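S.K.: These protein sequence lines are chains B and H, in that order.
For the first sequence, position 200 matches number 200 in our numbering, and the numbering has no gaps at all.
Throughout, our numbering is defined as the position within the second sequence, counted from one, plus 305.
Even glycine gets a Cβ: it sits at the ideal position worked out from N, Cα and C.
Computed from a predicted model, the values in this text were never measured in an experiment.
2 protein chains.
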Amino acid sequence: MKFEVTILGSSSATPIYNRNPTAQALNINERLYLIDCGEGTQQQMLKFDVKASRIDHIFISHLHGDHYLGLVGLLSSLHLNGRSKPLKLFGPAPLKEIIDLQFKYSDTTLNYEIEFYPTDPTQPAVILDTNEITVETIPLDHRIACTGFFFKQKKTLRKLIKEKVEALAIPVNYFSLLKRGQNYVAPDGTVYQNDELTIDSSVPKSYAYCSDTLYNQNYFAQIANADLLYHESTFLHNMLDRALQTHHTTAWQAADVALQTGAHQLLIGHFSARYKTLNELLDEARSVFPNTELAIEGKTFTVGA
Amino acid sequence: MKFEVTILGSSSATPIYNRNPTAQALNINERLYLIDCGEGTQQQMLKFDVKASRIDHIFISHLHGDHYLGLVGLLSSLHLNGRSKPLKLFGPAPLKEIIDLQFKYSDTTLNYEIEFYPTDPTQPAVILDTNEITVETIPLDHRIACTGFFFKQKKTLRKLIKEKVEALAIPVNYFSLLKRGQNYVAPDGTVYQNDELTIDSSVPKSYAYCSDTLYNQNYFAQIANADLLYHESTFLHNMLDRALQTHHTTAWQAADVALQTGAHQLLIGHFSARYKTLNELLDEARSVFPNTELAIEGKTFTVGA
């Protein structure tokens, strides 16, 4: 089952050096989820061929402009491009007021419904639970209310071993039970163990998105063993004072989060405009956690690769 | 005296084909003025080397998102990049409420002052009058309150003809009067006509910006004889019905505005996303008004060239 993240923006507060403010598109089994939506996100989606019309869920971490200023433009474009199906939007409560005010003064009535789900920044909560995934908020420690998002795949059904099932002439109405792990009792009373007849088709993967935050152990337990951890890494560790002051994280700290929480792979992003090139940030993180990559524009990462 | 306009965005409602929503930077004698500020304008300024820090005046025509959704990001970046000098902002009254709400929830207190001047969409008004220019609002006919902006250079002082002034040993304290057109009376009573001693150094130029609007003769008299007219041209004339319905203008109509109002040169822009290429729009406008150019991203036009 596909589980990929495409980076649309890697910049912190101000866009520079062709780095755009934060946005990421998740593709989970051909469903698209958008996380954060900095200014220019819809242009980035055009550039990297992420089909905006296919997004049904948008998650906004917090109300600093570099994480949501592209949202009203995107919502408006979806409307103008004929969207009719509802869109689910998760974010801080005042986001609704901000959107409503702008559509009020542009005299816009959307052709589709926005189902808005305000997030609670004080405690983790499952905010979406589908057949395929759950999404939990991760309370982060930033200057204003901010949550990360933890995407977890559910275990999929087991797959039938076609030859075995056919050889035993198992009736079709048993298939659903077999896929769920039941054994098969033949008409002659013989019991066939489930693992003779099916295989476990996948191991569910998880993606933890943590931006923006102070390095803070409060969220470590929740994100334990993520297959892929995205963690903001605004500064080099020689700027720790600045990171503490602005409630951000250094590359060294982001890597330490990955190490402490048992992540399989780390992506770092949300780079300060002071860094024209990113090698030093990557090197610093890799010195602590080698399996680290830069979350830069246009790159797609497979969760659990 | 320099008087140039650089196009930062040429797209109507939705960005597409590398066309960005509307924004233009005017350079008048090395002072920068920004007109409209669609999403991604700050990224476009970086791309085309328009120094945002040098902008002291921003003009917003109306509150459709493709004309202002880049503003809060730009204001925020100016703040983060250390701006301290005030910024003058002209636009529809609710714009202030929209900005204030977003800075409230991002807990941002700007380091510089925004002096906000609400525009009146019902009648023309001079909204800025400096030593060098005046700016008038142009009431337009759109679905929501919308004004264009008419930038007019003032006549500059006459230039002294150095050899004549030196030959007559005219005292320095006369220079200012001569530059303003006075004659010179020598100590022996001889009267020297001003035009023997000075030359008219420049002819003041004008730039009319008209976006978005229905073709409507109400604004024709006001923009008469513009050296450069920018007029929206959202559709080809075979889409006239759609133009009427959405309060926009066709390429044929934009050219007719230029013709009727005696413009020297026409720029057309604000192109619908339905046009992948723009040749047909240009050809249609030129069939009526030959001195027409496409207002496309990164192009700079000299007013009165």
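Suppose you measure from the CA of lysine 459 (chain H) to the CA of glycine 486 (chain H); what does that come to, to the nearest Å?
M.R.: The alpha-carbon atoms of lysine 459 (chain H) and glycine 486 (chain H) are separated by roughly 15 angstroms.
S.K.: Please confirm if isoleucine 449 (chain H) has its CB atom under 8 angstroms from at least one CB of chain B.
M.R.: True, the Cβ-Cβ gap to chain B drops below 8 angstroms.
S.K.: Would tyrosine 535 (chain H) and leucine 502 (chain H) qualify as a contact pair, given that the criterion is a beta-carbon distance under 8 angstroms?
M.R.: Taking 8 angstroms as the Cβ cut-off, tyrosine 535 (chain H) and leucine 502 (chain H) do not qualify as a contacting pair.
S.K.: Using a Cβ cut-off of 9 angstroms, pull out every chain H residue sitting near serine 76 (chain B), in sequence order please.
M.R.: By Cβ distance, chain H contributes Ala318, Thr319, His369, Gly370, Asp371, Leu374.
S.K.: Less than 6 angstroms between C-beta atoms, sequence neighbours within five positions excluded: which residues of the same chain meet that for threonine 566 (chain H)?
M.R.: Here the set comprises Phe525, Ile528, Ala529.
S.K.: Which residues bound the beta strand (DSSP E) around glutamate 115 (chain B)?
M.R.: It spans 114-119 - the beta strand (DSSP E) in which glutamate 115 (chain B) sits, taken as one unbroken run.
S.K.: Once the 5 residues before and after glutamate 585 (chain H) are set aside, which same chain residues still bring their CB inside 7 angstroms of it?
M.R.: Closer than 7 angstroms at Cβ, skipping near neighbours: Leu541.
S.K.: Establish whether the CB of glutamate 344 (chain H) and some CB of chain B are separated by less than 8 angstroms.
M.R.: Yes, contact with chain B.
S.K.: When you compare the CB of serine 106 (chain B) with every CB in chain H, is at least one pair closer than 8 angstroms?
M.R.: Output row for serine 106 (chain B): interface = yes.
S.K.: Go to glutamate 136 (chain B), then tell me how far its beta strand (DSSP E) extends in each direction, as first and last residue.
M.R.: Note, glutamate 136 (chain B): beta strand (DSSP E), 133-139.
S.K.: Whose Cβ in chain B lies nearer than 9 angstroms to the Cβ of aspartate 378 (chain H)?
M.R.: For clarity, residue 378 (chain H) is glycine in the given sequence; the question names aspartate instead. Thr14, Pro15, Pro21, Gly38, Glu39, Gly40, Gly65, Asp66, Leu69, Gly70, listed in chain order.
S.K.: Helix, strand or coil, according to DSSP, for serine 592 (chain H) in the structure here?
M.R.: DSSP places serine 592 (chain H) in helix when its eight states are reduced to three.
S.K.: Under a CB-based cut-off of 8 angstroms, is glutamate 97 (chain B) close to chain H?
M.R.: Yes, contact with chain H.
S.K.: When the Cα atoms are used, what is the spatial distance from asparagine 386 (chain H) to glutamine 123 (chain B)?
M.R.: Near 34 angstroms, if we compare the C-alpha coordinates of glutamine 123 (chain B) and asparagine 386 (chain H).
S.K.: Closest Cβ-Cβ distance between aspartate 94 (chain B) and chain H: below 8 angstroms?
M.R.: It is worth fixing the name first, because residue 94 (chain B) is proline in this sequence and not aspartate. It does: the Cβ of proline 94 (chain B) has a partner Cβ on chain H nearer than 8 angstroms.
S.K.: Could you give the distance in angstroms between the alpha-carbon of leucine 177 (chain B) and the alpha-carbon of glutamate 163 (chain B)?
M.R.: Approximately 17 angstroms, taken between the alpha carbons.
S.K.: Could you give the distance in angstroms between the alpha-carbon of glutamate 437 (chain H) and the alpha-carbon of lysine 401 (chain H)?
M.R.: When rounded, the distance between both Cα atoms is 27 angstroms.
S.K.: Measuring alpha carbon to alpha carbon, tell me which residue in H:Asp341, H:Ile340, H:Gln347 is nearest glycine 38 (chain B).
M.R.: Nearest of H:Asp341, H:Ile340, H:Gln347 to glycine 38 (chain B), Cα basis: H:Gln347.
S.K.: Taking leucine 380 (chain H) as part of the alpha helix (DSSP H), name the residues at either end of that continuous run.
M.R.: Note, leucine 380 (chain H): alpha helix (DSSP H), 376-385.
S.K.: Cα-Cα, which of B:Met1, B:Tyr275, B:Glu136, B:His270 is closest to leucine 8 (chain B)?
M.R.: Here the closest residue by C-alpha is B:His270.
S.K.: Short of 6 angstroms in beta carbon distance, which residues of its chain neighbour leucine 294 (chain B), apart from the five on each side in sequence? Order them along the chain.
M.R.: Cβ neighbours of leucine 294 (chain B) beyond the five flanking positions: Leu278, Leu282.
S.K.: Which value, in whole angstroms, describes the spacing of the CA atoms of phenylalanine 289 (chain B) and threonine 234 (chain B)?
M.R.: For phenylalanine 289 (chain B) and threonine 234 (chain B), the distance between alpha carbons rounds to 17 angstroms.
S.K.: When the distance is taken between beta carbons, is leucine 32 (chain B) closer than 8 angstroms to valine 50 (chain B)?
M.R.: In contact: valine 50 (chain B) and leucine 32 (chain B) (Cβ atoms closer than 8 angstroms).
S.K.: Considering serine 358 (chain H), what are the terminal residues of the beta strand (DSSP E) in which it resides?
M.R.: Here serine 358 (chain H) belongs to no beta strand (DSSP E), and DSSP marks it neither H nor E.
S.K.: Could you please give the first and the last residue of the uninterrupted alpha helix (DSSP H) stretch that includes serine 481 (chain H)?
M.R.: Its alpha helix (DSSP H) spans residues 480-484.
S.K.: Give me the Cα-Cα distance between valine 608 (chain H) and leucine 533 (chain H), rounded to the nearest whole angstrom.
M.R.: Looking at the two C-alpha atoms, the distance is approximately 6 angstroms.
S.K.: At a cut-off of 7 angstroms, is valine 508 (chain H) close to the ligand ADP when judged by its beta-carbon and the heavy atoms of the ligand?
M.R.: By its list of ligands, the structure shown contains no ligand whatsoever, and the ligand ADP lies outside what it can speak to.
S.K.: I'd like the list of long-range same chain contacts for lysine 393 (chain H), defined as Cβ closer than 7 angstroms, with 5 residues on each side in sequence excluded.
M.R.: So the qualifying residues of the chain are Asp361, His362, Glu420, Tyr422.
S.K.: In whole angstroms, what separates the C-alpha of leucine 128 (chain B) from that of aspartate 256 (chain B)?
M.R.: Spanning the two alpha carbons is a distance of roughly 29 angstroms.
S.K.: Using the Cα positions of isoleucine 199 (chain B) and isoleucine 161 (chain B), report the straight-line distance between them to the nearest angstrom.
M.R.: Cα to Cα, the separation comes out at about 7 angstroms.
S.K.: Could you pull out every residue in the same chain whose Cβ sits closer than 8 angstroms to the Cβ of asparagine 334 (chain H), ignoring the five residues on either side in sequence?
M.R.: Taken in chain order, the residues that qualify are Met306, Lys307, Phe308, Glu437.
S.K.: What residue from H:Leu331, H:Lys464, H:Tyr514, H:Ser358 has the CA that sits closest to leucine 380 (chain H)'s CA?
M.R.: Of the candidates H:Leu331, H:Lys464, H:Tyr514, H:Ser358, the one whose C-alpha sits nearest the C-alpha of leucine 380 (chain H) is H:Ser358.
S.K.: List the residues that DSSP assigns as beta-bridge partners of alanine 330 (chain H).
M.R.: H:Thr311, H:Leu339, per the DSSP bridge assignment.
S.K.: If you measure beta-carbon to beta-carbon, which residues of the segment 470-496 of chain H are closer than 8 angstroms to chain B?
M.R.: Within the segment 470-496 of chain H, no residue qualifies.
S.K.: Along the chain, where does the alpha helix (DSSP H) containing leucine 338 (chain B) start, and where does it finish?
M.R.: Since the first residue shown for chain B is 1 and the last is 305, residue 338 (chain B) is missing from the structure and cannot be characterised.
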